[in-house]
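Scroll down for the structure; my scribbles are underneath it.
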Amino acid sequence: MDDGVELSATLYLPGRDDGPQPCILEALPYRKDDLTSSYRPDYVRLRDDHGYAVCRLDLRGTGSSGGDATDEYPPREQQDLHLVLDWLAGQDWCDANIGMYGTSYSAFNSLQMACERPAHLKAIIAIYGTDDRYTDDVHYRGGILKVLDLVDYCHYMTPMNALPPVPAVWGGGWREEWVRRIEASEPWALRWLRERLDGPYWRHGSVRPDYERIACPTMIIAGWADGYRNSSLRLMERLRDQGVPHRLLAGPWAHAATDTAQPGPRIDSLPEMVAWWDRWLRGIDNGVDDGLTEGRPSVTAFVRSSTRPSPVLDTHEGFWVREEWPSPRVGVNARALDGRPPYAVRPDVGVDAWIDCAGHLPWGQSGDQRFDDAASLTWEWDAPPLPVLGHPRVRLRVSADAPAAHVSVKLTDVFADGTSALVSRGTLNLGCRNGFESLEPLVPDDVYDVEVELDACAYAFAAGQRMRVSVAGADWPNTASPPEPVRLTIHGGELQLPLWSGPSPYADPILAPGGSSGEDAAGVTWVVERDVLARTTSCRVDHGSAYALPYDGTATEHYEGRITVDQVTFKQDTAASTTFTLRWSDVEVSTTATMNVTISAETLDVTIELAAWEATGDVGSTLASRRWDARLPRRA
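Under our numbering, the residue at position 286 of the sequence shown is numbered 430, and the numbers go up by one with no gaps.
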């Protein structure tokens, strides 16, 4: 880089006899040479079956790259990626046509670099990424802290970033670099907890609202069980307005590869991606859907239909369609919500919806909602005969008897025996009713008009089903409960459903089938506990894995987490512990971090501890340890 820092890249290059070829870049902080080395088959397929060069890059301060990993998506990362793209374009095996792609983090930075408009970036594919880092990521939702993520991603990046470079890649001095990395390390979670409201920090790295910055062809892969589904339809609409080629492939999937994810049906998405690369990196007019050309609509989507819920649901019922977006076949249907008496908020409502970003277990799918529904206010109708396609919205006239309150809204599909399956959900901190940039206390008992946007969905109710809307004052542990006991009064409202009249004038898609699910619940703990006398509810997870690594190595990961809420005071506690251990023939390294967060009415008290350990032969010792303590204002 221009400051002398070296970044580590792995290249998958086609044969020289083929001449220069387009290159596809994936840039991520998840350690290409060990923790994500199992991703290799896709890069080999791109090279061997389709003739693309592929570059995997460890971002600054991660894996075997030098420098410091200061945060998610810092400005320095975009500067680095500009230089990487220029370097790739200058290689004799690259024809200077470059695409960026990847899942989650590398979907985010693909979108970010598309906004930067580097000369050689000709197209991107963002898989499970978002356009809004504040309210559609793992940090906040509807202006409310996402507490379950505090025992997952928001915690485990601390010990991951403290792992050393791979000795076989870095060479001599890797141990000294490891010590330096630990000394320079700062937990990303501390910054995220300090940035309580939306603003410049979260707008950096977010496409929203300045979509016009994107000019290159953009493909999105989304899952209806994934936490980043909401960017999909927004991006399609705005890119169409701007005349930018765009495509959405949306399936029923969680945050996992489309060929192994639960729920299915699973597909092999690589042929769809290759068609996009062939069109925009090689200039082959192969008929790929681009949202701009007649007969080539932007959206290929799976419409889910009534299926009994399960945290380990293998396959969702439904059907595939191709459609343009916005669709001229979508219209809004309104249902009135009558007023209800005051409702005493329960802080532990939501455990059956668990997390809004399902992935690998224990981050499974939502179960039967009837039990949470019973602790909520509900409205019910015969289900509509037309599918829902888009963002449902609920408008409420609401008051509270305290200055801080939340609303959680869920749309469910109710079976004849009472089983309730989650269709879509939305949450709102009522203090953020005028925008997420400010927090305005409520005047107790004053009535406010608010709108809650529910997650994007494509859903068809089966004949004879009922449709239910539930409103509660918490969606725990997905998001934090309100600061203290509160009563809500719903004075009336309206459900607005985007209904798709269909049928689509476009031929149904033909997609390559995927494989079987890789999910196995053995050895995974996901427990909900209620202490009747202490009047607390807790959620507990414990899971891990072990696998082989390149350079004759092995890896072990172990995660534990617990979240508790007091049903009387609404005080919450989270505790997480993560250990990564990497072993090669002559050395073993390990990092362990714990994070404890106590959430009271006024503050968040945070303690993070990090320890690094090394063993050579039978002799092991602690290499370094760090501790961070912070007391942060809660601000509801």
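We treat Cβ as the ideally placed atom computed from N, Cα and C, and that holds for glycine.
Within 8 Å, strictly: CB atoms of residue i and residue j
{"i": "F724", "j": "E753", "result": "no"}
{"i": "S248", "j": "A171", "result": "no"}
{"i": "E663", "j": "L505", "result": "yes"}
{"i": "L377", "j": "T444", "result": "no"}
{"i": "G575", "j": "P588", "result": "no"}
{"i": "L598", "j": "P536", "result": "yes"}
{"i": "Y650", "j": "R466", "result": "yes"}
{"i": "T708", "j": "Q716", "result": "yes"}
{"i": "L481", "j": "L639", "result": "yes"}
{"i": "Q711", "j": "R684", "result": "no"}
{"i": "P118", "j": "W421", "result": "The structure shown does not extend to residue 118, since the chain spans only 145 to 780, so no value can be given for it."}
{"i": "F446", "j": "W464", "result": "yes"}
{"i": "A488", "j": "P361", "result": "no"}
{"i": "V228", "j": "L201", "result": "yes"}
{"i": "A546", "j": "V630", "result": "yes"}
7 Å Cβ shell around residue i - same chain, five flanking residues per side excluded
{"i": "L775", "result": "Checking the displayed sequence, the identity of residue 775 turns out to be Arg instead of Leu. Taken in chain order, the residues that qualify are T747 and D749."}
{"i": "D284", "result": "It is worth fixing the name first, because residue 284 is Tyr in this sequence and not Asp. Closer than 7 Å at the Cβ level, and outside the excluded window around Y284, lie Y278 and K290."}
{"i": "V313", "result": "S152, D177 and S208"}
{"i": "I288", "result": "H550, T571, N573, T623 and A624"}
{"i": "R373", "result": "A366, G367, D599 and A600"}
{"i": "E356", "result": "Q386"}
{"i": "L341", "result": "F580, E581, S582 and L583"}
{"i": "A400", "result": "G503 and H504"}
Sequence-distant residues of the same chain with beta carbon closer than 8 Å to residue i, five excluded per side
{"i": "S645", "result": "R473, V474, G475 and L530"}
{"i": "R569", "result": "A497, D500, S552, V553, K554, L555, L598, D599 and D619"}
{"i": "V323", "result": "L767 and A768"}
{"i": "L643", "result": "V474, G475, V476, N477, P528, L530, P531, V532 and L533"}
Burial state of residue i (16 or more Cβ within 10 Å)
{"i": "S729", "result": "exposed"}
{"i": "V282", "result": "buried"}
{"i": "S543", "result": "buried"}
{"i": "A369", "result": "buried"}
{"i": "E216", "result": "buried"}
{"i": "P485", "result": "exposed"}
{"i": "Q406", "result": "buried"}
{"i": "N430", "result": "exposed"}
{"i": "N305", "result": "buried"}
{"i": "R452", "result": "exposed"}
{"i": "E673", "result": "exposed"}
{"i": "Y245", "result": "buried"}
{"i": "G562", "result": "exposed"}
Where residue i falls: helix, strand or coil (DSSP)
{"i": "W469", "result": "coil"}
{"i": "I358", "result": "coil"}
{"i": "I499", "result": "coil"}
{"i": "P642", "result": "strand"}
{"i": "P308", "result": "coil"}
{"i": "R285", "result": "strand"}
{"i": "R384", "result": "helix"}
{"i": "W464", "result": "strand"}
{"i": "P344", "result": "helix"}
{"i": "S450", "result": "coil"}
{"i": "Q716", "result": "strand"}
{"i": "Y174", "result": "coil"}
{"i": "M301", "result": "helix"}
{"i": "N241", "result": "strand"}
{"i": "R325", "result": "helix"}
{"i": "M417", "result": "helix"}
Cβ shell of residue i (< 6 Å), same chain only, five flanking positions each side left out
{"i": "D212", "result": "G205 and A328"}
{"i": "M611", "result": "W525 and A527"}
{"i": "R391", "result": "M363, D433 and S442"}
{"i": "Y345", "result": "E339"}
{"i": "N740", "result": "A719 and T751"}
{"i": "W670", "result": "P506 and V685"}
{"i": "D412", "result": "D403, A656 and G658"}
{"i": "E732", "result": "A759"}
{"i": "T735", "result": "P303, A306, L307, F724 and A756"}
beta-carbon residue i near the ligand COA non-hydrogen atom, thresh 7 Å
{"i": "G761", "result": "Ligands in the displayed structure: none, and consequently the ligand COA is not present."}
Any chain D beta carbon closer than 8 Å to residue i
{"i": "V542", "result": "This model lacks chain D altogether; it includes just one protein chain."}
Contact belief for residue i with residue j at Cβ below 8 Å, rounded distance in angstroms
{"i": "G494", "j": "S552", "result": "7 Å"}
{"i": "I168", "j": "G243", "result": "5 Å"}
{"i": "N241", "j": "E221", "result": "Not really, about 23 Å apart at Cβ, beyond 8 Å."}
{"i": "P164", "j": "W237", "result": "6 Å"}
{"i": "T459", "j": "G408", "result": "4 Å"}
{"i": "W318", "j": "P303", "result": "Contact doesn't hold; Cβ gap of about 18 Å is too wide."}
{"i": "V456", "j": "A665", "result": "6 Å"}
{"i": "A780", "j": "A548", "result": "4 Å"}
{"i": "G636", "j": "G483", "result": "5 Å"}
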